[in-house]
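Here is the structure we will look at, set down as structure tokens.
Numbering (this note's numbering), first residue to last: 218 to 602.
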């Protein structure tokens with residue numbers, strides 16, 4: 218179906234942070250498949266582990282125990298707040314599992330009326346009917362009425378609005394610690410801590426969407442760690458599979474208490490291929506020093522981008538984000554700038570609020586940052602004349 222406005226380029230192979238097109242052009246990839254290729258392209262260790270598993274077993278379904286799923290689930294719970302994990306194929310599925318868990322928790326706790334979830338303006342949780350009903354962005358929902366009920370939306374970052382929106386029917390609060398599609402808008406430490414406090418005060422579940430900002434993207438395994446809080450439920454995907462389709466819904470034992478046998482399922486979710494790659498990604502990301510390097514590289518990249526903001530204030534209006542999830546709000550149409558960057562050899566991602574997202578692989582170094590900044594500088598000269 219013609220649902221994508223695709224760029225006229227076909228890639229035939231990738232190596233680290235670079236992609237090579239069928240016409241011979243090389244691109245520095247600061248899109249990373251929209252924050253998916255966390256370790257770049259054709260990472261030797263990921264290729265090794267995927268190939269190793271592919272020679273043994275591809276799929277059995279969740280009618281049976283899956284060894285890789287059990288090991289990956291154990292490692293995720295040991296590294297996070299969670300006690301239990303449900304594996305999916307995508308972020309939207311992980312989000313749906315989380316939304317169901319919130320509702321089922323209250324139902325089984327004797328409060329079936331607590332079935333509404335507070336969400337935020339400019340949010341993005343996926344493209345299912347449930348996810349677009351929660352986000353309510355016009356570009357997502359146009360033509361797909363009637364939307365699903367159960368979601369009450371407030372401005373992002375506004376604790377007073379959240380407090381005012383809580384009713385006896387509220388069961389949870391769902392938020393991205395850093396909005397990706399919404400324009401790389403980061404929730405402050407105070408905001409995230411305030412949401413946790415409101416949930417505790419009113420008996421609500423805090424449901425975090427770390428599909429884009431998780432898995433090391435901000436320099437910690439998950440973005441909420443910077444605020445020193447823990448959620449009750451969290452959906453993750455994108456970087457968790459390093460390019461292989463994989464998602465997960467993590468939860469505390471209490472929050473997931475309603476998700477009993479038969480209440481939810483997935484044919485492909487957490488199959489041997491996906492979990493082999495997921496385990497390999499964790500091997501790399503949790504290795505000593507890896508996240509420290511992400512923090513160091515991101516600090517360097519932020520400094521270099523701030524120089525561009527100062528140099529081209531009419532084009533680069535503002536630098537946003539955290540870690541290697543950065544965005545530049547532009548003074549010219551983002552689609553035009555993204556196209557010019559691509560023509561000059563740098564891949565990026567447009568976002569809401571006229572922001573260009575820079576989402577490089579987490580294992581880049583200063584050399585790749587300098588190369589990207591050079592292309593941004595050259596492109597800025599073309600844009601401003």
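Idealized CB from N, CA, C, for every residue including glycine.
Helix, strand or coil at residue i [DSSP, three-state]
| i | result |
| --- | --- |
| residue 468 | strand |
| residue 349 | helix |
| residue 324 | helix |
| residue 268 | helix |
| residue 439 | coil |
| residue 223 | coil |
| residue 376 | helix |
| residue 489 | helix |
| residue 330 | coil |
| residue 600 | helix |
| residue 284 | helix |
| residue 430 | coil |
| residue 518 | helix |
| residue 262 | helix |
| residue 417 | helix |
| residue 387 | strand |
Residues near residue i by beta carbon distance below 8 angstroms, same chain, minus five either side
| i | result |
| --- | --- |
| residue 415 | 376, 379, 380, 383, 390 and 421 |
| residue 229 | 237, 238 and 239 |
Under 7 angstroms between C-beta atoms of residue i and residue j
| i | j | result |
| --- | --- | --- |
| residue 486 | residue 304 | yes |
| residue 469 | residue 366 | no |
| residue 291 | residue 475 | no |
| residue 590 | residue 537 | no |
| residue 401 | residue 430 | no |
| residue 497 | residue 262 | yes |
| residue 433 | residue 371 | no |
| residue 596 | residue 541 | no |
Inter-residue Cα distance where the pair is residue i and residue j
| i | j | result |
| --- | --- | --- |
| residue 491 | residue 306 | 8 angstroms |
| residue 356 | residue 265 | 40 angstroms |
| residue 268 | residue 553 | 40 angstroms |
| residue 369 | residue 333 | 7 angstroms |
| residue 397 | residue 412 | 19 angstroms |
| residue 219 | residue 385 | 43 angstroms |
| residue 560 | residue 582 | 23 angstroms |
| residue 260 | residue 359 | 39 angstroms |
| residue 571 | residue 327 | 45 angstroms |
| residue 354 | residue 257 | 31 angstroms |
Residues near residue i by beta carbon distance below 7 angstroms, same chain, minus five either side
| i | result |
| --- | --- |
| residue 248 | 564, 565, 566 and 576 |
| residue 319 | 334, 388, 389, 422, 424 and 450 |
Near the ligand COA: residue i beta-carbon under 6 angstroms from a heavy atom
| i | result |
| --- | --- |
| residue 285 | Only the bare structure without any ligand can be found here, which leaves the ligand COA out of the picture. |
Beta-carbon contacts of residue i that lie in its chain and below 6 angstroms, excluding the five residues immediately before and after
| i | result |
| --- | --- |
| residue 315 | 424, 450, 452 and 466 |
| residue 535 | 546 |
| residue 343 | 308, 309 and 312 |
Inter-stretch contact (C-beta, 8 angstroms, three-pair minimum) for the region 522-530 and the region 331-347: Remark: fewer than three beta-carbon pairs, one from each stretch, lie closer than 8 angstroms, so the region 522-530 and the region 331-347 are not flagged as touching.
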